[in-house]
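Q:
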Amino acid sequence: MRGGAKVAVTQHRHEGVYIARGKEDALCTKNMVPGESVYGEKRVSVENEGDKVEYRVWNPFRSKLGAGILGGLDSIWMKPGSKVLYLGAASGTTVSHVSDIVGPEGVVYAVEFSHRSGRDLVNMAKKRPNIVPIIEDARHPAKYRMIVGMVDCVFADVAQPDQARIVAINSHYFLKNEGHFVISIKANCIDSTVPAEAVFAREVKKLQEENFKPSEQLTLEPYERDHAIVVGGYRMPKKK
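According to our numbering, the sequence shown holds residues 3 to 242 in order.
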């Protein structure tokens with residue numbers, strides 16, 4: 003995808019997300035650091051009333067959130083100005099797109115346990131002031147409670163057997179009441195002996211027991227096998 007007259011960029015229904023329409027349509031976000039790629043992704047420049055605006059193509063094969071958006075998620079609960087706690091940030095591929103979405107008014111607290119991935123994350127964050135990299139174990143949110151403020155949304159891609167518990171303990175610390183969560187569940191990481199659908203159902207039940215109210219669930223085929231993404235609210239008001 004190259005920029006110029008051949009590519010038109012239109013707003014996706016999720017605020018802060020765009021579609022570049024060319025020979026092939028592509029999901030993209032507005033680059034907060036024009037001129038810089040994060041993971042070798044293509045960039046598209048578009049003239050907008052005399053100004054050049056640069057967008058980064060978002061590869062759904064490398065991002066569970068990107069796959070979920072293309073799969074038709076109703077809500078991602080992140081938009082310009084949002085505060086997001088991102089658990090399982092890895093080297094920051096998806097984090098960089100979330101950084102683009104929330105923009106300079108928002109913030110992404112990105113938690114990653116691996117020091118090797120964490121190095122890439124920290125280097126990327128140097129150019130993106132709205133990312134706060136936290137190299138800690140997401141199982142112990144008390145260790146970073148002095149750094150993280152209250153957030154609007156918790157996103158989790160931790161691929162751990164106890165990931166529902168990890169999301170719950172972080173949310174109890176940092177997610178505001180009536181905030182939202184987006185969790186990517188990797189079935190064979192939790193239990194490879196039963197069908198993926200059974201694992202997803204069990205994880206959803208665990209979330210419900212922790213004051214989460216799942217509102218949508220979809221599988222990430224064809225981008226990921228045996229993955230589902232679940233979205234919902236936290237400590238939602240009881241219906242009268």
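Glycine residues also receive a C-beta, built at the ideal position from the N, C-alpha and C atoms. All figures in this text were calculated on a predicted structure; none of them were measured in a lab.
Please report how far the alpha carbon of V9 lies from the alpha carbon of I21, in whole angstroms.
A: By 1-based counting over the sequence shown, the position of residue 9 is 7. By 1-based counting over the sequence shown, the position of residue 21 is 19. So the alpha carbons of these two residues sit roughly 10 Å apart.
Q: Out of K32, Q162, A158, S93, point me to the one whose CA is closest to K81's CA.
A: Here the question's residue 81 lines up with position 79 in the sequence shown. Minimum Cα distance to K81 is reached at K32.
Q: Keeping to the same chain, check which residues put their C-beta closer than 8 Å to that of A127; ignore five residues upstream and five downstream.
A: Residue 127 sits at position 125 when you count from the first residue of the sequence shown. Within the same chain, G94, A112, I133, V134, P135 come within 8 Å of A127 by CB-CB distance, once the 5 residues on both sides are set aside.
Q: Taking DSSP as the reference, what is the three-state secondary structure of T96?
A: Looking up residue 96 in the sequence shown gives position 94. T96 sits in a helix when the DSSP states are folded into three classes.
Q: Quick one: using the 10 Å Cβ neighbour count with 16 as the cut-off for buried, is F63 buried or exposed?
A: One-based indexing of the sequence shown puts residue 63 at position 61. With fewer than 16 other CB atoms across the displayed protein chains lying within 10 angstroms of its CB, F63 is exposed.
Q: Could you say which of R227, D228, E212, L222 lies nearest to G234 if we only look at CA atoms?
A: In the sequence shown, counting from the first residue as 1, residue 234 sits at position 232. Nearest option by C-alpha distance: E212.
Q: Could you check if R15 is buried or exposed, using at least 16 other CB atoms within 10 Å of its CB as the buried criterion?
A: For the purposes of this step, residue 15 is identified with residue 13 of the sequence shown, where counting begins at 1. The residue is exposed, with fewer than 16 neighbouring Cβ atoms inside 10 Å.
Q: Please look up how many angstroms separate the CB atoms of G73 and L222, rounded, as I've assumed it's under 8 Å.
A: Taking the first residue of the sequence shown as position 1, residue 73 is located at position 71. Taking the first residue of the sequence shown as position 1, residue 222 is located at position 220. Yes, they are in contact, since the Cβ atoms of G73 and L222 sit about 6 Å apart, within 8 Å.
Q: Give every residue of the same chain whose Cβ lies closer than 7 Å to the Cβ of S77, excluding the five residues on either side of it in the sequence, and list them in chain order.
A: Working through the sequence shown from its first residue, we reach residue 77 at position 75. Result list for S77: V233, in chain order.
Q: Taking R58 as part of the beta strand (DSSP E), name the residues at either end of that continuous run.
A: The residue labelled residue 58 in the question sits at position 56 within the sequence shown. Where R58 is concerned, the enclosing beta strand (DSSP E) stretches over 53 to 59.
Q: Let me know the beta strand (DSSP E) ranges lying completely inside the segment 166 to 190, each 3 residues or longer, listed in chain order.
A: Counting only runs of 3 or more, we get 177 to 188.
Q: Which of the three DSSP states is assigned to D228 in this structure?
A: To locate residue 228, count along the sequence shown from 1; it is residue 226. Coil at D228, not helix or strand.
Q: Looking at the unbroken alpha helix (DSSP H) that takes in E199, where does it start and where does it end?
A: Start at 1 with the first residue of the sequence shown, and residue 199 comes out as number 197. 198 to 211 is the span of the alpha helix (DSSP H), which, as asked, contains E199.
Q: Please list, in chain order, all residues of the same chain as M238 whose beta carbon is under 7 Å from its beta carbon, the five residues on each side excluded.
A: Locating residue 238 in the sequence shown gives position 236, where the first residue counts as 1. E180, K215.
Q: Report back the beta-carbon spacing between F157 and V184 to the nearest angstrom; my notes put them in contact at under 8 Å.
A: Numbered from its first residue, the sequence shown carries residue 157 at position 155. Numbered from its first residue, the sequence shown carries residue 184 at position 182. Sure, about 5 Å apart at Cβ, within 8 Å.
Q: Using DSSP with H/G/I as helix, E/B as strand and the rest coil, what is I21?
A: Taking the first residue of the sequence shown as 1, we reach residue 21 at position 19. In the structure shown, I21 sits in a strand (DSSP, three-state: E or B).
Q: Is it right to say E226 is buried, meaning 16 or more other beta carbons lie within 10 angstroms of its own, or is it exposed?
A: As a first step, residue 226 is located in the sequence shown; it is residue number 224 there, counting from the start. Result: buried.
Q: I think V110 touches V124, with their Cβ atoms under 8 Å apart; what is that distance to the nearest whole Å?
A: Position 108 of the sequence shown, counted from the start, is the residue given in the question as residue 110. Position 122 of the sequence shown, counted from the start, is the residue given in the question as residue 124. Incorrect: roughly 13 Å between the Cβ atoms, too far for contact.
Q: Look at the Cβ atom of V86, then the Cβ atom of D154, and state whether they are nearer than 8 Å.
A: Locating residue 86 in the sequence shown gives position 84, where the first residue counts as 1. Locating residue 154 in the sequence shown gives position 152, where the first residue counts as 1. Between V86 and D154, the C-beta spacing is below 8 Å.
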